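Residue numbers for the sequence shown follow the numbering used here, so the first one is 2 and each next one is one higher.
Read through the structure below, which is laid out as structure tokens, and then see the notes.
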Amino acid sequence: MTIAGTTTGDRLVDRVLRGDHAAVARMLSRVESGTDGVHLQLARLYDSGRRAHVVGVTGASGSGKSSLVAALAQTYRRRDRTVGVLAVDPSSPFSGGSVLGDRIRMGDLAGDGGVFIRSMATRGALGGLARTTVDAVTVLEAAGKDVVIVETVGVGQDEVDIAGASHTTVLVSVPGLGDAVQAIKAGIMEIADIHVVNKADREGADAVVAELREMLRHARYRRPADWRIPIQTTVAITGDGVDEFADAIEAHREWLSESDALARRERDMAASRLRNIVTGLVLEKLDDPATGDPFEKLVDRVARRQIDPFTAANQLLERTLS
């Protein structure tokens with residue numbers, strides 16, 4: 002029976018709830034491919050009430066994020082925490098859960114039943130960060146992972162989107178690329194709860210730390226007065242500073258839990274998710290063959306300037322909601 006018919010889907014959900022990694026991999030494949038009825042299974046997983054601390058790790062390519070995520074996952078395992086890792090890659094295809102191992106030094110994590118690793122493609126998702134990534138977080142939470150780490154490979158919109166999907170957002174910089182300054186100029190800096198300067202054994206690391214500290218001191222955007230954004234230095238490939246990095250994440254988790262900030266953050270995450278789902282449903286409607294003809298006709302009329310795009314969009318929205 003298909004997943005839409007409940008029997009197969011319910012059995013799969015039960016296996017996910019037991020933490021079966023093979024079932025988790027199958028469920029994620031169904032989530033990514035949009036298998037009929039998968040939202041019913043996601044609803045059951047969501048209703049399990051299980052929650053993980055979601056850590057978003059972002060920054061420019063070349064900053065060593067993947068190695069840092071691997072080292073962080075190893076640190077969590079030494080602390081008896083179970084970990085899910087989702088690497089959101091704008092170019093690589095969705096795969097069977099092992100591609101990330103080819104990209105980063107997973108070392109002792111290979112074969113560790115306390116870690117699940119998956120590489121996901123955005124596939125042109127609106128906003129950069131794959132909508133299915135948030136659904137994948139739900140699957141990993143339901144499977145009992147204590148921490149879910151979401152790594153974005155791209156820059157720009159991905160970095161902004163990750164803040165709406167994470168409890169703790171980490172922005173990784175590295176000396177020598179100038180990316181810290183560029184990210185800050187692009188308005189990315191305000192999303193970070195923690196800054197990490199990776200490859201801190203390189204020349205110029207101290208200068209990057211000093212620059213970040215100075216920019217944080219003069220930041221005009223609003224931050225919680227009682228959370229002081231730390232700047233951690235790491236060398237991911239040797240593990241230097243990674244324990245302290247994990248401690249900083251834990252400190253942020255505790256700060257969230259001990260204040261009303263956790264409720265605010267989770268409401269923001271829920272709002273972001275709901276907007277993305279609604280947007281996706283509307284776009285799916287527009288791609289439906291039953292709606293496609295009016296859509297294409299309106300596109301032609303807008304192109305010929307027979308109607309303005311705002312009126313056309315409202316007409317499509319009214320048709321979609323009717």
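The beta carbon of each residue, even a glycine, is placed where N, CA and C say it ideally should be.
Note that the structure is predicted; figures quoted are calculated from it, not measured.
Please work out which residues of its chain come closer than 6 Å, Cβ to Cβ, to Asp248, disregarding the five sequence neighbours upstream and downstream, and give them in chain order.
-> The residue you call residue 248 lines up with position 247 of the sequence shown. If we look at Asp248 and ignore the five residues flanking it on each side, it has no Cβ neighbours.
How about the segment 225-237 and the segment 60-70: do they share at least three Cβ pairs that are nearer than 8 Å?
-> Inter-segment contact for the segment 225-237 and the segment 60-70 is present: three or more beta-carbon pairs are separated by less than 8 Å.
Less than 7 Å separating the beta-carbons of Val89 and Thr169?
-> Numbered from 1 along the sequence shown, position 88 holds the residue referred to as residue 89. Numbered from 1 along the sequence shown, position 168 holds the residue referred to as residue 169. Result no, Cβ atoms of Val89 and Thr169 do not sit closer than 7 Å.
May I ask you to verify whether the segment 17-27 touches the segment 141-148, counting CB pairs closer than 8 Å and requiring at least 3?
-> The segment 141-148 and the segment 17-27 touch, with three or more beta-carbon pairs separated by less than 8 Å.
Can you name the residues that DSSP bridges to Val149?
-> The residue labelled residue 149 in the question sits at position 148 within the sequence shown. For Val149, which the question treats as bridged, DSSP gives the partners Val55 and Gly85.
If you follow the beta strand (DSSP E) that Val209 is part of, which residue opens it and which one closes it?
-> Here residue 209 refers to the residue found at position 208 when the sequence shown is read from its first residue. Note, Val209: premise wrong, no beta strand (DSSP E); alpha helix (DSSP H) at Ala206 to Arg218.
Could you please give the first and the last residue of the uninterrupted alpha helix (DSSP H) stretch that includes Gln316?
-> Taking the sequence shown and counting its residues from 1, one reaches residue 316 at position 315. Note, Gln316: alpha helix (DSSP H), Pro310 to Leu322.
Select from Ile192, Ile150, Leu284 and Arg203 the residue whose C-alpha is nearest the C-alpha of Gly408.
-> This structure does not reach residue 408, given that the chain is present from 2 up to 323, and the question cannot be answered.
By DSSP, does Arg306 sit in helix, in strand, or in coil?
-> Residue numbering aside, residue 306 sits at position 305 when the sequence shown is read from its first letter. The answer is coil: DSSP assigns Arg306 none of H, G, I, E or B.
To the nearest angstrom, report how far apart His219 and Leu213 are at their CA atoms.
-> Here residue 219 refers to the residue found at position 218 when the sequence shown is read from its first residue. Here residue 213 refers to the residue found at position 212 when the sequence shown is read from its first residue. Distance between the alpha carbons of His219 and Leu213: 10 Å.
Skipping 5 residues on each side, what residues in its chain have a beta carbon closer than 6 Å to that of His54?
-> For the purposes of this step, residue 54 is identified with residue 53 of the sequence shown, where counting begins at 1. Hits under 6 Å: Val148, His168 and Arg254.
Exposure of Thr280, with buried meaning 16 or more beta-carbon neighbours within 10 Å = Along the sequence shown, read from residue 1 onward, the residue named residue 280 stands at position 279. Its Cβ having fewer than 16 others within 10 Å, Thr280 is exposed.
Contact under 7 Å by Cβ, Val209 with Pro231 = As a first step, residue 209 must be located in the sequence shown, where it is residue number 208. As a first step, residue 231 must be located in the sequence shown, where it is residue number 230. No. Outside cutoff.
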